[in-house]
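> Protein chains in written order, with my numbering: chain A, 10 to 335; chain B, 10 to 335. C-beta: ideal position from N, C-alpha, C; glycine also.
Number of protein chains: 2
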Amino acid sequence: MGVCILTESELRSVVGVDTQSLDAVATAFSWLQQGKVNMPPIMHISAREHHGDIDVKSACVEGVPVVAIKIASGFFNNPDRGLPAGSAMMVLLSAETGFCQAVLLDNGYLTDLRTGMAGAVAANLLAPKTVHTVGILGTGMQARFQARCLALVRPFQRILVWGRGPEKVRQYAEDMQTELGLPVEAADIETLVRQSQVVITTTPSQKPLVEADWLHPGLFVCAVGADFPGKQELQPEVLLGADRVVCDRLSQCTHNGELQHLCVEGALPPAFLVDELGELTTGVKPGRGKESEIIICDLTGTGVQDTAIANLAYQAALARGLGTQA
Amino acid sequence: MGVCILTESELRSVVGVDTQSLDAVATAFSWLQQGKVNMPPIMHISAREHHGDIDVKSACVEGVPVVAIKIASGFFNNPDRGLPAGSAMMVLLSAETGFCQAVLLDNGYLTDLRTGMAGAVAANLLAPKTVHTVGILGTGMQARFQARCLALVRPFQRILVWGRGPEKVRQYAEDMQTELGLPVEAADIETLVRQSQVVITTTPSQKPLVEADWLHPGLFVCAVGADFPGKQELQPEVLLGADRVVCDRLSQCTHNGELQHLCVEGALPPAFLVDELGELTTGVKPGRGKESEIIICDLTGTGVQDTAIANLAYQAALARGLGTQA
Numbered sequence: 010m011g012v013c014i015l016t017e018s019e020l021r022s023v024v025g026v027d028t029q030s031l032d033a034v035a036t037a038f039s040w041l042q043q044g045k046v047n048m049p050p051i052m053h054i055s056a057r058e059h060h061g062d063i064d065v066k067s068a069c070v071e072g073v074p075v076v077a078i079k080i081a082s083g084f085f086n087n088p089d090r091g092l093p094a095g096s097a098m099m100v101l102l103s104a105e106t107g108f109c110q111a112v113l114l115d116n117g118y119l120t121d122l123r124t125g126m127a128g129a130v131a132a133n134l135l136a137p138k139t140v141h142t143v144g145i146l147g148t149g150m151q152a153r154f155q156a157r158c159l160a161l162v163r164p165f166q167r168i169l170v171w172g173r174g175p176e177k178v179r180q181y182a183e184d185m186q187t188e189l190g191l192p193v194e195a196a197d198i199e200t201l202v203r204q205s206q207v208v209i210t211t212t213p214s215q216k217p218l219v220e221a222d223w224l225h226p227g228l229f230v231c232a233v234g235a236d237f238p239g240k241q242e243l244q245p246e247v248l249l250g251a252d253r254v255v256c257d258r259l260s261q262c263t264h265n266g267e268l269q270h271l272c273v274e275g276a277l278p279p280a281f282l283v284d285e286l287g288e289l290t291t292g293v294k295p296g297r298g299k300e301s302e303i304i305i306c307d308l309t310g311t312g313v314q315d316t317a318i319a320n321l322a323y324q325a326a327l328a329r330g331l332g333t334q335a
Numbered sequence: 010m011g012v013c014i015l016t017e018s019e020l021r022s023v024v025g026v027d028t029q030s031l032d033a034v035a036t037a038f039s040w041l042q043q044g045k046v047n048m049p050p051i052m053h054i055s056a057r058e059h060h061g062d063i064d065v066k067s068a069c070v071e072g073v074p075v076v077a078i079k080i081a082s083g084f085f086n087n088p089d090r091g092l093p094a095g096s097a098m099m100v101l102l103s104a105e106t107g108f109c110q111a112v113l114l115d116n117g118y119l120t121d122l123r124t125g126m127a128g129a130v131a132a133n134l135l136a137p138k139t140v141h142t143v144g145i146l147g148t149g150m151q152a153r154f155q156a157r158c159l160a161l162v163r164p165f166q167r168i169l170v171w172g173r174g175p176e177k178v179r180q181y182a183e184d185m186q187t188e189l190g191l192p193v194e195a196a197d198i199e200t201l202v203r204q205s206q207v208v209i210t211t212t213p214s215q216k217p218l219v220e221a222d223w224l225h226p227g228l229f230v231c232a233v234g235a236d237f238p239g240k241q242e243l244q245p246e247v248l249l250g251a252d253r254v255v256c257d258r259l260s261q262c263t264h265n266g267e268l269q270h271l272c273v274e275g276a277l278p279p280a281f282l283v284d285e286l287g288e289l290t291t292g293v294k295p296g297r298g299k300e301s302e303i304i305i306c307d308l309t310g311t312g313v314q315d316t317a318i319a320n321l322a323y324q325a326a327l328a329r330g331l332g333t334q335a
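Right under this line is the structure:
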């Protein structure tokens, strides 16, 4: 009946950017599609006094022995004190008894990893076969994870990066060039979109960064940043002008994702069709058709990804005898 | 930046059934009334496969240094394996940075305590001045906490108890007679209601146990068991026939409490008035008027109670140097 406490370094030692994590997240989307998941709406707690937001996500999956309750926060005064704005941790309950089995003190690592892997799952299904240049908006943790995870599913030759702070852009370019062994160059957003076959947006922007005029045949755009009412990285015309729009979970994206900006009173325009990733991972719907299609994917991050990556990490940690009993 | 892990025994050593806990919970209801609280709707995760439910509650309060995220479960196959159905634990985040500060592995103790104290806060304001007999429906943990906590605010001479299992009733009577030093006798529900000045209902019933015909002048009924859609301990006529109805949080009670059974499409009958406890703890509305009034209180349990009791326990544990750093 003890509770296993796992630290970030222990969790980093058992799960990482590899095909096992990729498969776990792809499988999570299939579970959603197959109706094996009870996934409640995101719980949101506003900490107005300190410019903070707390989100709780969870999902219970048939046949999976643990239920993750993931608590993630963004406190936007933190950087002024030299602290990261974001953090996250997870509690794992037994899916059989409801008792707390483990506490994953991962400081957001598992969230970063499962978010990066959702981008890779989407790109694997929706990016063109041949990718020369990848454009990344943003220079933070997720800008790094998206590039790392994408490399699992597509070889590419170059990254173009854009960010608001020149020093952060320089640091990102230096770090990722070393890590991935390919050129990483700063660019303005228009150049970046026009020259890339895959564009990944990872900023906390509240107004559009990517314009519809810059779209071109064969482009895949994965919008990762918008995960809350008010956030936006794409002009609505980007979605309206695409050949196809896919998302992680429609009911979340119409409130929290790019799709919110197309909705009138919570509803998408009647003829506007959106597929969910789980329809693609299960083969109910196809991935990319023609190489020339323009495809957009809207990701908000789902509780089922949290349960999937947490279960993978916890089982691996158990097998290795890691953790402290409390 | 370490996380403090506190065990049930450590938490039991710092908070208990006393006026400090009572005041903390009374203050929590005042915070709600004063608009100092961001309290999201309850998150509910259904674990159908194993007949389980998981609820997540939380509240962020201006000026309170931690935000509790309380995870409570009820898995109804557990008793067949000799395990308790219910469990709970809490995660505390810093209200200033969002970082995880503490994990309270209390196995539901703090939830039991803050629920018992809500009953005592309500009784303190709404029970008649003179209470001879207290009637308790149910024989579980909350049937015990309600009696203990009530004793803080009203002296009484006798408990009548009703439960479905005779052996559990006998055990409850034996235990509480020893603990409180007064006679505790088994009774049928009608006798119990007719002879008591305070009736507290603590069962997981899904159909009415208390009938309106048994109401009598000067009765205070505190309904604690119904905290989920479908649960019910009182005939709707009990609420309709009372002189006054009070609840912890109206928006919760109309979905999860006794009040759900009066609602048509989520709305109470137009002329039906319900006060919230916070209106009474702040003095915006009075407590009991005449000794002869029949008053019902509907409690569903709120996230702000969790944050209040968790903060009390955590600060006390910190001051005593308890806990293990992870």
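(1) Leaving out five residues before and five after cysteine 256(B) in sequence, what residues of the same chain have Cβ atoms less than 8 Å from its Cβ?
(2) What does the alpha-carbon distance come out to for the pair alanine 221(A) and glutamine 244(A)?
(3) List the residues of chain A that glutamate 71(B) touches, going by C-beta distances under 9 Å, in chain order.
(4) Quick one: any contact between the segment 142–151 of chain B and the segment 291–306 of chain B, if contact means 3 or more CB pairs under 8 Å?
(5) Report buried or exposed for phenylalanine 281(B), applying the criterion of at least 16 other Cβ atoms within 10 angstroms of its Cβ.
(6) Could you name the residues of chain B that leucine 101(A) contacts, counting a contact when the two beta carbons are closer than 8 Å?
(7) Provide the residue(s) that pair with alanine 276(B) in DSSP beta bridges, ordered along the chain.
(8) Near alanine 132(A), what residues of its chain come up, given a Cβ to Cβ distance below 7 Å and the 5 sequence neighbours on each side ignored?
(9) Leaving out five residues on either side along the sequence, give the residues of the same chain with a beta carbon under 8 Å from the beta carbon of arginine 194(A).
(10) In the DSSP assignment, the alpha helix (DSSP H) including arginine 123(A) goes from what residue to what residue?
(11) At what residue ranges does the segment 216–299 of chain A contain a whole run of the alpha helix (DSSP H), taking only runs of 4 or more?
(12) Among Asp197(A), Leu271(A), Met99(A) and Gln204(A), which residue has its Cα nearest to the Cα of threonine 142(A)?
(13) For the beta strand (DSSP E) holding serine 30(B), just list the boundary residues, first then last.
(14) Do you know offhand how far glutamate 199(B)'s Cα is from glutamate 242(B)'s?
(15) What three-state label does DSSP hand threonine 106(B) in the structure shown?
(16) When the cut-off is 8 Å and only beta carbons count, does isoleucine 318(B) lie next to chain A?
(17) Would you kindly check if the distance between the Cβ of alanine 111(B) and the Cβ of valine 12(B) is under 8 Å?
(18) Would you report the Cα separation of glycine 25(B) and aspartate 184(B), rounded to the nearest angstrom?
(19) Please name the residue, chosen from Asp89(A), Glu105(A) and Val233(A), that lies closest to histidine 59(A) on a Cα-to-Cα basis.
(20) Could one say the Cβ of asparagine 47(A) lies closer than 8 Å to chain B's Cβ atoms, at least one of them?
(21) By the three-class DSSP mapping on this structure, what secondary structure does histidine 60(B) have?
(22) Given that phenylalanine 237(A) touches chain B, what residues does it touch there, using C-beta distances under 9 Å?
(23) At 9 Å on the CB atoms, spell out the chain B contacts of leucine 114(A), in chain order.
(24) Rounding to the nearest angstrom, what Cα-Cα distance links asparagine 320(B) and alanine 127(B) in this structure?
(25) So with CB distances below 8 Å, who are the chain B contacts of alanine 196(A)?
(26) What residues from chain A crowd round alanine 104(B), counting only those whose CB sits closer than 8 Å?
(27) Leaving aside the five residues before and after glutamate 105(B) along the sequence, list all residues of the same chain whose C-beta is less than 8 Å from its C-beta, in chain order.
(28) Can you tell which of Gly117(A), Lys66(A) and Pro137(A) has its C-alpha closest to the C-alpha of proline 226(A)?
(29) Assign asparagine 86(B) to one of three DSSP states: helix, strand, or coil.
(30) Please name the residue, chosen from Val273(A), Ile209(A) and Gly332(A), that lies closest to alanine 129(A) on a Cα-to-Cα basis.
(31) Find the residues of chain A that neighbour methionine 52(B), judging by a C-beta separation of less than 8 Å, and give them in chain order.
(32) Would you list, in chain order, the members of the segment 13–27 of chain B that have their beta-carbon closer than 8 Å to a beta-carbon of chain A?
(33) Could you tell me if glycine 275(A) is buried or exposed, where buried requires 16 or more neighbouring beta carbons within 10 angstroms of its beta carbon?
(34) Whose CA, out of Asp236(A), Arg329(A), Ala335(A) and Val313(A), lies closest to the CA of valine 34(A)?
(35) Kindly say whether isoleucine 80(A), judged by its beta-carbon, lies nearer than 8 Å to any beta-carbon of chain B.
(36) May I ask you to report which of helix, strand or coil DSSP gives glutamate 176(A)?
In terms of the structure at hand:
(1) Cys262, Gly266, Leu268, Val283, Asp284, Glu285, Leu286, Cys306, Asp307, Leu308 and Thr309
(2) 7 Å
(3) Arg57 and Glu58
(4) no
(5) exposed
(6) Within chain B, no residue comes near leucine 101(A); the closest Cβ sits about 10 Å away, beyond 8 Å.
(7) Val273(B)
(8) Leu159, Val162, Arg163, Val207, Phe229 and Cys231
(9) For clarity, residue 194(A) is glutamate in the given sequence; the question names arginine instead. These residues qualify, in order along the chain: Arg167, Ile168, Leu169, Val170 and Ala182.
(10) 118–135
(11) 245–249, 259–265 and 286–290
(12) Gln204(A)
(13) No beta strand (DSSP E) holds serine 30(B); the alpha helix (DSSP H) holding it covers 28–42.
(14) 13 Å
(15) coil
(16) no
(17) yes
(18) 18 Å
(19) Asp89(A)
(20) yes
(21) coil
(22) In chain order: nothing, as chain B lies at least about 14 Å away.
(23) Val12, Cys109, Val112 and Ala335
(24) 16 Å
(25) The contacting residues do not exist; alanine 196(A) stays about 33 Å from chain B at best.
(26) Ala56, Glu58, His59 and Gly61
(27) Pro74
(28) Pro137(A)
(29) coil
(30) Ile209(A)
(31) Pro49, Pro50, Met52, Val65 and Ser67
(32) Ile14 and Thr16
(33) exposed
(34) Val313(A)
(35) yes
(36) helix
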